[in-house]
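This report refers to the structure that appears directly beneath it.
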Amino acid sequence: MQKIPIIKIGENLIVSLQFDIDDSSAVGLQGDLLLMIQKTGATGVLVELSALDMVDSFMGRMLSDITRMSATMNANTVIVGIQPSVAITLVELGLRLEGVHTALNVEAGIALLEKLRTAKAGSGHETDSDK
Amino acid sequence: MRQIAINEVTIEREEHLLRARQAAREASSAMGFNLVDQTRLITAVSELTRNVYNYAGRGVVTLEKVEKNARSGLMVTVTDRGPGIADIELAMTDGYSTGGGLGNGLGGCQRLVDEFDIRSKAGEGTVVKIVKWQS
Ligand SMILES: Nc1ncnc2c1ncn2[C@@H]1O[C@H](COP(=O)(O)OP(=O)(O)O)[C@@H](O)[C@H]1O
Ligand SMILES: [Mg+2]
Chain A
25 MQKIPIIKIG ENLIVSLQFD IDDSSAVGLQ GDLLLMIQKT GATGVLVELS ALDMVDSFMG
85 RMLSDITRMS ATMNANTVIV GIQPSVAITL VELGLRLEGV HTALNVEAGI ALLEKLRTAK
145 AGSGHETDSD K
Chain B
42 MRQIAINEVT IEREEHLLRA RQAAREASSA MGFNLVDQTR LITAVSELTR NVYNYAGRGV
102 VTLEKVEKNA RSGLMVTVTD RGPGIADIEL AMTDGYSTGG GLGNGLGGCQ RLVDEFDIRS
162 KAGEGTVVKI VKWQS
């Protein structure tokens, strides 16, 4: 099992998958991310996987799980850098990656996280003033 | 049909799934498959070997180059002597899983390759054979 480094930049946690990982490492990463969200109060998670030449149903489910679990801890998740061949394969496998935000690259991903944060802050403010 | 052995990987532990994917990566790249087909093959091998590991505990993957009518392809055979599958049609259905998975492994794998053959008998094991032809 390999430990995958998570770095915090500003409000975001950033993970870059640089090599094919086994299932336990993927599950470990999921747990580590949630602990980091709790510890740091990060409101964004960015998972970069441009180095991966395959995402199978296990990894696909892990990405949706990370998204859902982070959401319950008030953090948005954006997956970036999915290779075109991986995107095609995901569709053929029939994986929908429901609720998962994606962006082309890290820069676009960080911009999207920023947008999601602003949108949330905006809607939160409105609800407050409604009361 | 001519068959030329390329590689064989035994699946017994979780890290062997990585080894099987690496074998598929090397074979498909050495044969000159385009990137999308390489990804399809690696993904298909990953799905089938995870099933072996999850449901049968152990098994074997063999990779062979096949030649037929001046076309060549990669054939992958995944064999186990696990519990087998009682209802293959049901197991092939997207969303059906007895293991808490997404249930897209077998059906998805079939869509990723050109030929897909599954034989299984409850109590005896499962053999899945897939072929991807070079375009
Ligand atoms: N090698 C195998 N041995 C026994 N049962 C299997 C095997 N492969 C698949 N199955 C059965 O078929 C079902 C569907 O498999 P699959 O489509 O890969 O989805 P998942 O693995 O997510 O459950 C599995 O849940 C399992 O019951
Ligand atoms: Mg499966």
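Those sequence lines, one after another, are chains A and B. First residue of the first sequence: 25, per the numbering used here; consecutive thereafter. First residue of the second sequence: 42, per the numbering used here; consecutive thereafter. Cβ coordinates follow ideal geometry from the N, Cα and C atoms, glycine included.
DSSP places Gln44 (chain B) in the strand class (E or B) of the three-state scheme. In this structure, the C-beta of Gly125 (chain B) approaches ligand 1 to less than 7 Å from one of its heavy atoms. By the Cβ neighbour-count rule, Ile90 (chain A) is buried, with 16 or more other Cβ atoms within 10 Å of its own. Per the coordinates, the alpha-carbon of Gly142 (chain B) lies some 32 Å from the alpha-carbon of Arg141 (chain A).
Interface criterion not met: the Cβ of Met93 (chain A) is under 8 Å from no Cβ in chain B. The stretch 47-55 of chain B makes contact with the stretch 99-119 of chain B, as at least three CB pairs between them are under 8 Å.
For Arg43 (chain B), the CB stays at least 7 Å from every heavy atom of ligand 2. According to the DSSP secondary-structure assignment, Thr120 (chain B) is paired through a beta bridge with B:Val101, B:Val168.
Gly73 (chain B) and Lys173 (chain B) have their alpha carbons spaced roughly 12 Å apart. Pairing Cys150 (chain B) with Ala85 (chain B) gives a Cβ-Cβ distance under 8 Å.
Neighbours of Gly149 (chain B) across chain A, judged by C-beta separation under 7 Å: Ser81, Glu116, Leu117, Gly118. Taking a contact as a CB-CB distance under 8 Å, the pair Ala99 (chain A) and Gly68 (chain A) counts as one, their CB atoms being some 6 Å apart.
For Leu153 (chain B), the nearest CB of chain A lies under 8 Å from its own CB, placing it at the interface with that chain. Bounds of the beta strand (DSSP E) holding Thr126 (chain A) are 125-127. Below the 7 Å Cβ cutoff, chain A contributes no neighbours of Ser176 (chain B), its closest Cβ being approximately 14 Å away. Linking Ile112 (chain A) to Val77 (chain B) through their CA atoms gives a straight-line distance of about 8 Å. Flagged as an interface residue toward chain A: Thr80 (chain B), by a C-beta distance shorter than 8 Å. Beta-bridge partners assigned by DSSP to Phe74 (chain B): none are found.
Nearest to Glu55 (chain B) by alpha-carbon distance, out of B:Leu82, B:Tyr94, B:Arg112, B:Val117, is B:Tyr94.
Per the DSSP secondary-structure output, Gly114 (chain B) pairs in a beta bridge with B:Val107, B:Trp174.
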